[in-house]
Amino acid sequence: GDACKLTILGAGGLDALVAAGTAHPACHASVSSTVRRLLGDLGAFAPAAPAPPPIPPPVAELAEAERARRRAEQRAEQEQEQRQEAERRAQASHQRAQGLQQQLTAGAVAPPPAKRALSADSPSGPLELNTKLLALRQYIEERREAIKRERPSAKAHWTLPVVRSRLVSNVLENVSKLQYPWLIWRNTVVTFVGEPGVDQGGLTADLHSSFWREVLKPEHGLFEQLAEGGAYLPRANADTEKLSLVGRFLLKSVLDDHPTGPG
């Protein structure tokens with residue numbers, strides 16, 4: 017041991033040996049192992065081997081990570097667009113509600129009822145009536161959309177095959193087949209048996225106007241007119257089940273904004 021130490025000192029000390037080991041790593045490893053057994057821990061003379069450089073990830077993993085990043089960005093953009101569209105719809109709905117409220121308020125500040133007759137000669141009468149009809153129509157359309165969201169079966173068409181000579185009985189028979197209340201909200205598709213034509217709205221309008229002209233006639237035994245040119249009321253001995261079906265079809269006419277009455 018003493019002889020080895022003297023040899024190291026004679027060679028220039030530990031600093032010289034560390035420099036030599038750095039220049040010749042293979043010899044350094046062999047010498048440092050031998051010297052360590054002879055002298056113990058030599059510190060800087062046998063430094064730890066440097067860590068290997070990091071291994072870069074494979075190209076496939078980099079490509080997949082880039083694709084995942086792009087997908088995340090696309091999802092974020094889509095969610096942002098959906099939020100903006102929802103905000104636009106909410107703002108438009110709010111503006112419509114404000115406009116309706118202003119119209120209703122304008123009608124509410126009119127003169128007292130004693131001085132306001134709903135007649136053709138009174139300019140405030142038609143205005144108030146139109147305001148109320150506008151409010152009713154807006155409510156109906158909101159309910160229509162809500163029903164179709166809640167009841168998917170309400171989105172289907174209501175097909176009505178009708179023979180003109182039996183129009184009233186055919187319509188009431190079809191109304192009786194509506195098993196659930198929400199089915200009355202379905203869009204109507206009318207076919208007049210034996211007649212050409214595809215219903216794009218015109219045949220449905222024809223059905224409603226024809227029905228209300230026919231159902232009031234005395235031969236059906238459902239309604240009677242109080243006086244010439246007067247109102248129609250149900251007959252005292254009318255079939256109540258048929259009157260109930262007529263009432264349901266009246267609701268359908270109102271919901272779909274079709275005219276009613278003998279005109």
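For the sequence shown, the numbering used here assigns the number 17 to the initial residue and increments by one for each residue that follows.
Glycine included, each C-beta is placed from N, C-alpha and C at the ideal position.
Note on the segment 162-189: there is no whole alpha helix (DSSP H) run with a minimum of 4 residues. Take the alpha-carbon of Gln195 and the one of Ser169: they are about 12 Å apart. The C-alpha of Ala84 is placed about 49 Å away from the C-alpha of Val205. Contact between the segment 219-228 and the segment 262-272 is present: three or more C-beta pairs spanning the two stretches fall below 8 Å. Inter-segment contact for the segment 161-181 and the segment 248-263 is absent: fewer than three beta-carbon pairs are separated by less than 8 Å. Counted as a single uninterrupted DSSP element, the alpha helix (DSSP H) harbouring Val270 occupies residues 256-271. In the DSSP assignment, no residue is bridged to Asn146.
Going by DSSP, Glu230 is part of the alpha helix (DSSP H) stretching over 218-230. Comparing C-alpha distances from Trp198 to each of Ser260, Pro275, Trp174 shows the shortest one belongs to Trp174. With a cutoff of 7 Å on beta-carbon distance, Trp201 and Ile163 are scored as near each other. Here Pro177 is not near Arg229, since their CB atoms are 7 Å or more apart.
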